[in-house]
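Presented below is the structure to which this report refers.
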Amino acid sequence: KAGVTQTPRYLIKTRGQQVTLSCSPISGHRSVSWYQQTPGQGLQFLFEYFSETQRNKGNFPGRFSGRQFSNSRSEMNVSTLELGDSALYLCASSLDSVPYGYTFGSGTRLTVV
Amino acid sequence: GDSVTQMEGPVTLSEEAFLTINCTYTATGYPSLFWYVQYPGEGLQLLLKATKADDKGSNKGFEATYRKETTSFHLEKGSVQVSDSAVYFCALSTSGATNKLIFGTGTLLAVQP
Chain A
1 KAGVTQTPRY LIKTRGQQVT LSCSPISGHR SVSWYQQTPG QGLQFLFEYF SETQRNKGNF
61 PGRFSGRQFS NSRSEMNVST LELGDSALYL CASSLDSVPY GYTFGSGTRL TVV
Chain B
1 GDSVTQMEGP VTLSEEAFLT INCTYTATGY PSLFWYVQYP GEGLQLLLKA TKADDKGSNK
61 GFEATYRKET TSFHLEKGSV QVSDSAVYFC ALSTSGATNK LIFGTGTLLA VQP
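The listed protein sequences correspond, in order, to chains A and B. 27 is the number that the numbering used here gives to position 27 of the first sequence; each next residue is one higher, with no gaps. 73 is the number that the numbering used here gives to position 73 of the second sequence; each next residue is one higher, with no gaps.
The following block contains the structure:
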């Protein structure tokens with residue numbers, strides 16, 4: 001059974017650019033969530049999508065956005081990149097509500113220079 | 001708001017030593033509780049979970065019991081191995097339609113041979 005696939009694994013961008021990250025959930029999982037992991041702030045929730053609808057959003061500026069497609073694949077976009085956006089971005093999928101728990105991908109390491 | 005507090009690391013142990021990583025939480029309602037593990041350069045892996053008071057989650061020799069009276073979910077293992085070296089995250093998820101994991105800051109475990 002394939003796990004959660006995130007692409008690309010590594011990315012280097014310049015300040016001011018925009019970036020799109022992709023996440024393919026486990027087959028059958030309809031809930032996809034995104035998290036940002038940094039040494040200073042730890043793991044922070046970005047947003048969650050279920051059946052193409054954003055169901056919950058964390059406290060991030062509007063430069064961070066996402067979407068989910070009909071096949072449950074999800075993308076997140078960060079516009080006007082800042083140095084502080086450098087982080088590991090993790091995607092997680094689940095059947096629906098916990099307590100099933102989430103399965104995480106290996107993440108995309110974004111470096112903004 | 002809801003929060004998770006983990007003991008500060010790093011925790012350094014010799015192989016076959018007993019491990020305890022403390023975790024306490026603050027939450028309204030009845031959260032589900034999780035322990036995730038992150039190996040270097042990888043995403044998060046679900047280690048174990050508990051969905052109601054007095055539930056015991058267990059996996060790979062690790063155990064944690066959901067204690068509502070002390071709002072705790074301490075992780076234990078009777079005999080650690082070098083391969084257990086990783087960062088361990090305690091997390092909770094609130095009930096309801098808004099799936100969102102709230103993580104502790106993580107505890108680095110280093111096991112020496």
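Just so you know, even glycine gets a beta-carbon here, dropped at the ideal spot from N, CA and C. Only a predicted model underlies this, so the values are computations on that prediction, with no experimental measurement involved.
Contact criterion: CB-CB distance below 8 Å. Does residue i meet it with respect to chain B?
i	result
Y49 (chain A)	no
G101 (chain A)	yes
L21 (chain A)	no
Any beta carbon from chain A within less than 8 Å of residue i's own beta carbon?
i	result
T105 (chain B)	yes
L108 (chain B)	no
L101 (chain B)	yes
F18 (chain B)	no
For the ligand GTP, I want to know if residue i counts as a neighbour, meaning its beta carbon is within less than 7 Å of at least one of the ligand's heavy atoms.
i	result
F34 (chain B)	Here there are no bound small molecules, and the ligand GTP is not part of this structure.
Taking the alpha carbon of residue i as the point to measure from, which residue in the options has its own alpha carbon closest?
i	options	result
P31 (chain B)	B:Q81, B:A53 and B:S83	B:A53
S22 (chain A)	A:T111, A:T103, A:C91 and A:P61	A:C91
Q45 (chain B)	A:L11, A:T111 and A:G101	A:G101
S83 (chain B)	B:Y39, B:G104 and B:A91	B:Y39
T28 (chain B)	B:K68, B:F73, B:G43 and B:T107	B:K68
R30 (chain A)	A:G107, A:S74 and A:P39	A:S74
L101 (chain B)	A:Q44, A:S65, A:G105 and A:Y89	A:Q44
N22 (chain B)	B:F103, B:T94 and B:C90	B:C90
S79 (chain B)	B:G61, B:T65, B:L92 and B:T71	B:G61
Y66 (chain B)	B:T94, B:G41, B:F34 and B:T12	B:F34
T94 (chain B)	B:F18, B:A50, B:P10 and B:G9	B:A50
T24 (chain B)	B:E8, B:M7 and B:S72	B:S72
N59 (chain B)	B:E8, B:T70 and B:Y36	B:Y36
G58 (chain A)	A:T5, A:Q41, A:Y35 and A:V113	A:Y35
V32 (chain A)	A:V19, A:R109, A:G3 and A:P8	A:G3
G28 (chain A)	A:D96, A:F104 and A:G105	A:D96
Would you give the residue range spanned by the beta strand (DSSP E) that residue i belongs to?
i	result
E75 (chain A)	S74 to V78
L95 (chain A)	Note, L95 (chain A): premise wrong, no beta strand (DSSP E); not H, not E.
R109 (chain A)	T108 to V112
K77 (chain B)	L75 to K77
Q6 (chain B)	S3 to Q6
R55 (chain A)	T53 to K57
Y102 (chain A)	Looking at the DSSP string, Y102 (chain A) is not in any beta strand (DSSP E), and its letter there is neither H nor E.
S86 (chain A)	Per DSSP, S86 (chain A) belongs to no beta strand (DSSP E) and is neither H nor E.
I12 (chain A)	Y10 to K13
K56 (chain B)	K56 to N59
G3 (chain A)	It is not in any beta strand (DSSP E) - G3 (chain A) carries neither H nor E in the DSSP assignment.
G66 (chain A)	F64 to Q68
L108 (chain B)	T107 to Q112
G28 (chain A)	Note, G28 (chain A): premise wrong, no beta strand (DSSP E); not H, not E.
Starting from the C-beta of residue i, find all residues in its chain whose C-beta is less than 6 Å away, skip the five residues before and the five after it, and write them out in chain order.
i	result
S3 (chain B)	T26
S14 (chain B)	Q112
T38 (chain A)	A87
So which residues on chain E does residue i lean against when the C-beta distance must stay under 7 Å?
i	result
S106 (chain A)	In the structure shown, chain E does not exist; the protein chains are A and B.
Spatial neighbours of residue i within its chain, please: C-beta separation below 8 Å, excluding the five flanking residues on both sides.
i	result
E63 (chain B)	L48, K56, G57, L75, E76 and K77
E52 (chain A)	R67, Q68, F69 and S70
Please work out which residues of its chain come closer than 7 Å, Cβ to Cβ, to residue i, disregarding the five sequence neighbours upstream and downstream, and give them in chain order.
i	result
F60 (chain A)	L46
S85 (chain B)	L109, A110 and V111
I12 (chain A)	T111 and V113
Quick one, which residues of the stretch 46–79 of chain B are near chain A if we go by CB-CB under 7 Å, in chain order? Cβ proximity to chain A below 7 Å picks out L46, K49 and T51 from the stretch 46–79 of chain B.
At a CB distance below 7 Å, what residues from the stretch 37–65 of chain A approach chain B? Give them in sequence order. Contacts with chain B (Cβ-Cβ distance below 7 Å) from the stretch 37–65 of chain A involve G42, L43, F45, E48, R55 and N56, listed in chain order.
Give the residues from the stretch 29–42 of chain B that approach chain A closer than 7 Å (Cβ to any Cβ), ordered along the chain. So the list reads S32, F34 and E42, given in the order they occur along the chain.
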